[in-house]
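Numbering (our numbering), first residue to last: 333 to 431.
For each residue, glycine too, the CB sits at the ideal point set by N, CA and C.
What follows is a short report on a single structure.
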């Protein structure tokens, strides 16, 4: 006879405001002279906007291609264009300050 014991361990619940931010999420800025904002993260997709050096962007999602190219889905604050840019063209930036 085989005895099966189920061990229940209480899960730790962390309140939403205490959870760490997801890696890559939040506010960043364009560190290159310019970054093409594309409709999809495949490099050959249509360019739907341009983010200039120093533009603040909000990273909403990330994706890494099978070949290792990392992409970020961003919303460019200045133009409100949402699309994909190469991750290597971004640098971390604190939250935007209110004017």
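Check: Cβ neighbours of residue 406 in the same chain (closer than 8 Å, five flanking residues each side left out); Outcome: 360, 369, 383, 389, 390, 391, 392, 414, 415, 416, 417, 422
Check: Burial state of residue 366 (16 or more Cβ within 10 Å); Outcome: exposed
Check: Opposing strand residues paired with residue 407 [DSSP bridges]; Outcome: 390, 414
Check: DSSP bridge partner residues for residue 368 (one or two, in chain order); Outcome: 382
Check: Continuous beta strand (DSSP E) stretch holding residue 422: start and end; Outcome: 422-424
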